[in-house]
Structures are given as C-alpha cells and as structure tokens.
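So in the working numbering, spot 68 of the sequence shown is number 71, and the numbers just go up one at a time.
Cβ coordinates follow ideal geometry from the N, Cα and C atoms, glycine included.
Predicted, not measured: the structure shown is a model, and the values here were computed from it.
Below is one structure, written out as structure tokens; the observations come after it.
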Amino acid sequence: MSHHAIGLVEFTSIAQGIAAADAMAKTANVEILFAKSICPGKYIVMIGGDVAAVNQSVGAGTDLCPDVVVDSFVIPNIHPSVLPAISGGTNIENVRAISVIETYSVAATIEATDAAVKAASVEPIRMHLAFGIGGKSYVVLTGEVADVNAATEAGSKIASDKGFLVSRVVIPRPSKQLIDQLL
Numbered sequence: 004m005s006h007h008a009i010g011l012v013e014f015t016s017i018a019q020g021i022a023a024a025d026a027m028a029k030t031a032n033v034e035i036l037f038a039k040s041i042c043p044g045k046y047i048v049m050i051g052g053d054v055a056a057v058n059q060s061v062g063a064g065t066d067l068c069p070d071v072v073v074d075s076f077v078i079p080n081i082h083p084s085v086l087p088a089i090s091g092g093t094n095i096e097n098v099r100a101i102s103v104i105e106t107y108s109v110a111a112t113i114e115a116t117d118a119a120v121k122a123a124s125v126e127p128i129r130m131h132l133a134f135g136i137g138g139k140s141y142v143v144l145t146g147e148v149a150d151v152n153a154a155t156e157a158g159s160k161i162a163s164d165k166g167f168l169v170s171r172v173v174i175p176r177p178s179k180q181l182i183d184q185l186l
C-alpha cells in the first residue's frame with residue numbers, strides 16, 4: 004500500500020490503545036504500520052494510507068477513548084526520509100553538523116522531524132521513540148550548519164506549540180566518536 008499520508012495516536016492506556024487500533028483499522032482503508040506499547044506504559048498506533056482515510060481513521064481512534072489520548076497527528080504528505088528514520092533504516096555517510104530535538108511525545112517527534120526535513124536540506128540520522136527513556140523521544144538531524152539551524156527551529160516550533168518540547172541542541176562539528184555512537 005502506498006502511503007500518501009500517515010497518522011499516529013498516542014495513548015496513556017495500553018488496553019484502550021489496542022481497542023482504538025482495532026477501530027482505526029476497521030474505520031477506513033488504512034494499513035497499520037505499527038501498534039505497540041512504549042514507555043512508560045503508553046501505546047502508539049501509526050497508520051498509513053490516503054489522506055481522507057488516515058484522517059477518518061485517526062478520528063476514530065481519538066473519538067473512541069479521548070480521555071487517554073496523549074497526542075495525535077495526520078501528516079498529509081510525509082517526507083520520504085521520515086519513515087526510514089522511524090524504522091532505523093537510515094544510512095548517512097557524510098555527517099556534518101547535527102541537532103537533537105527531544106520531546107515528551109512520539110507524535111511530536113515525528114511531526115517535528117517531518118517539519119524539519121521539509122524546512123531545510125537536512126537528513127534524519129536517528130529517531131528514538133520512547134523505548135527505555137521514560138516516554139521521551141528524540142530525533143538527530145544532520146546537514147550543513149545553516150540548514151541544521153533552520154530545520155531545528157522549524158521542528159522545535161511544532162513540538163513547542165504542542166507543549167511537548169523538552170530540549171533542542173545544535174552541534175556544529177560533532178566528534179567522530181559521538182557520531183559512531185549515534186549511528
């Protein structure tokens with residue numbers, strides 16, 4: 004299935020998140036890209052499909068159990084570099100400047116990444132989504148210093164506007180040892 008759009012709903016309840024995942028799959032012609040528990044006891048469901056179907060599906064998930072929704076989004080035209088970064092499939096050869104955008108929400112990190120890569124010529128190196136880090140998430144971006152600054156500003160604004168930005172940092176010339184640890 005081709006994914007013109009992706010959507011995600013993040014829940015504070017695993018049980019209700021599972022029920023919502025079922026409703027999301029049954030409501031519209033979407034594909035569940037992943038549905039799983041994350042730290043600290045939350046549940047996330049990501050779906051893909053055409054824009055209308057993804058909107059309808061995310062709406063079904065958030066409407067079923069609104070009291071346990073942490074965050075959600077629909078990204079109508081997902082940048083092609085975002086999904087590989089989520090699955091850990093990036094292969095960056097020339098790391099220049101880097102930045103880290105850290106959030107309290109998986110959804111906010113993915114939205115911030117999409118905004119960042121659309122705002123400037125950067126690539127996501129790594130996206131860590133709330134596994135073993137207390138429910139926080141982060142993305143590491145690389146590019147030329149000016150591009151990394153612009154992308155970090157754009158991505159951080161999305162997370163900040165939602166109230167989920169923890170921190171952001173730009174490192175103009177990261178050490179090779181650090182890069183080896185991040186890749």
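Between residue i and residue j, what straight-line distance do the alpha-carbon atoms span, to the nearest angstrom?
i       : j       : result
Val-57  : Ile-9   : 6 Å
Met-4   : Lys-179 : For Met-4, the pLDDT reaches just 48, beneath the cut-off of 50, and the residue's location in the model is therefore unreliable, leaving the point undetermined.
Tyr-107 : Ile-17  : 17 Å
Val-12  : Ala-133 : 14 Å
Leu-185 : His-131 : 10 Å
Leu-144 : Gly-91  : 13 Å
Val-173 : Pro-87  : 22 Å
Ile-113 : Ile-47  : 12 Å
Pro-175 : Asn-97  : 14 Å
Along the chain, where does the alpha helix (DSSP H) that runs through residue i open and close?
i      : result
Ala-28 : 17 to 30
Pro-3  : With the chain running from 4 to 186 in the structure shown, residue 3 is simply not present.
Val-98 : Element bounds for Val-98: n/a, residue is neither H nor E.
So, helix, strand or coil for residue i, using DSSP?
i       : result
Pro-177 : coil
Leu-67  : helix
Val-57  : helix
I'd like to confirm the pairing. Which residues does DSSP put opposite residue i in its beta bridges?
i       : result
Ile-47  : Glu-13, Lys-39
Phe-76  : Leu-11
Leu-168 : Thr-106
His-131 : Tyr-141
Between which two residues does the beta strand (DSSP E) carrying residue i extend?
i       : result
Gly-146 : 140 to 146
What whole-angstrom Cβ distance do residue i and residue j have, given they're in contact under 8 Å?
i       : j       : result
Ser-163 : Pro-127 : About 19 Å separates the two Cβ atoms, so there is no contact after all.
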